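Protein chains in written order, with our numbering: chain A, 1 to 10; chain B, 11 to 222.
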């Protein structure tokens, strides 16, 4: 899983 | 961005607007749990700290500001402007039983032991249970005004649509975030009982009455 570097979801 | 997440955000925005409008127009917060609103305010505050530091898109930034502003406005209306109409007697859920475990879990299970990441993780865990005081209040009063049930339905659907968004992103982008997914499943499951009542009662024009 490509861990989310930044959280792009609200 | 995908259609599931866009519809989810719209449903979320709709829920927040429905609630704010209901309180403002009726000048009353009867039947609404102030504790849940405080928890939501805490969720958005701890999650949207990156509003200043990282820019993702205009949409992302605008929506974060709107959610924060609407949340604070709702808390202001409930605890200041219309606090005389706040139903203390039925809004009795002990929110420390939600906040403390969320803090503990965020410190134990997270992607990265950094302040912003821990706060993000805390906000994800807290959001999954933030509606409990409201659902508890509806069960204590035994009923909910139809506008309140529309609010709850839109709020429950939003995270349900996010589940579809995460399935899509896993399939299309090979990207998934287990913390958000597990918390999102818990959050959506908590609404199932309400969804059943909403579909079978409110949509048939009946009042949302919980079996006494």
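Ideal Cβ placement from N, Cα and C applies to all residues, glycine included.
For clarity, every value in this text was computed on a predicted model and none was experimentally measured.
Check, Outcome
"Cβ neighbours of residue 19 of chain B in the same chain (closer than 7 Å, five flanking residues each side left out)", "73"
"Residues from the region 69-100 of chain B in contact with chain A, defined by Cβ distance under 8 Å", "70, 73, 74, 77"
"Within-9 Å CB hit, residue 190 of chain B to chain A", "yes"
"Neighbouring residues, chain A, relative to residue 64 of chain B (Cβ below 7 Å)", "6"
"Exposure label - residue 182 of chain B; buried when at least 16 CB within 10 Å", "exposed"
"3 or more residues per run - each beta strand (DSSP E) lying fully within the region 155-181 of chain B", "none"
"Coil, strand or helix - residue 188 of chain B by DSSP", "helix"
"Beta carbon of residue 158 of chain B nearer than 9 Å to that of residue 41 of chain B", "yes"
"Residue 135 of chain B and residue 85 of chain B closer than 9 Å at C-beta", "no"
"For residue 144 of chain B: DSSP bridge partner residues", "Answer is none; residue 144 of chain B lacks a bridge partner."
"Contacts of residue 130 of chain B in chain A (Cβ-Cβ under 8 Å)", "7"
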